[in-house]
Each structure stands twice: as C-alpha cells, then as structure tokens.
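Peer 1: The sequence shown begins at 7 in the numbering used here and counts up one residue at a time.
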Amino acid sequence: MSPEIARWDREVIREPDGTVWVCCVGEGGHPIALELGPEYAEALGLLLIDPDGE
7 MSPEIARWDR EVIREPDGTV WVCCVGEGGH PIALELGPEY AEALGLLLID PDGE
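(1) Whole angstroms are fine: how far does the CA of ILE11 sit from the CA of GLU21?
(2) Quick check: the Cα distance between ALA47 and GLY35, rounded to an integer number of angstroms?
(3) Quick one: give me the first and last residue of the beta strand (DSSP E) that PRO44 is part of.
(4) In the DSSP assignment, what are the bridge partners of ARG13?
In structure tokens:
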C-alpha cells in the first residue's frame, strides 16, 4: 500500500491539552489532518529546525 501524498496548507491548530493538528490537503483536494501529541509535536519541530539533531 502506497502512502497518500499530502501537502501542508500552512495551518496548525494547537489544542489546550498540547495536541497539535497539522492541516494538509490530499492529492485529490480533500483535507487531511495529522494529529500529534505534545511529545511528537516537539520532536517533529526539533527535527524540522535541526535535521542533524545538533
């Protein structure tokens, strides 16, 4: 099974409990949201800022 391609639509929603929703658009134009718990949101953010982890 191939993964679906999603493009970030530059919207991020932060919930009071620390959950982060990264809003995207699928190839067919339908909405897709990536749900990240607080620890995963932080880990992804750090990797995006510093891919080498330095």
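Every residue gets a Cβ at the ideal spot worked out from N, C-alpha and C, and that includes glycine.
Peer 2: Per the coordinate set shown:
(1) Approximately 25 Å, taken between the alpha carbons.
(2) Rounded to the nearest angstrom, the two C-alpha atoms are 25 Å apart.
(3) Here PRO44 belongs to no beta strand (DSSP E); instead the alpha helix (DSSP H) covers 44 to 55.
(4) Paired residues: VAL31.
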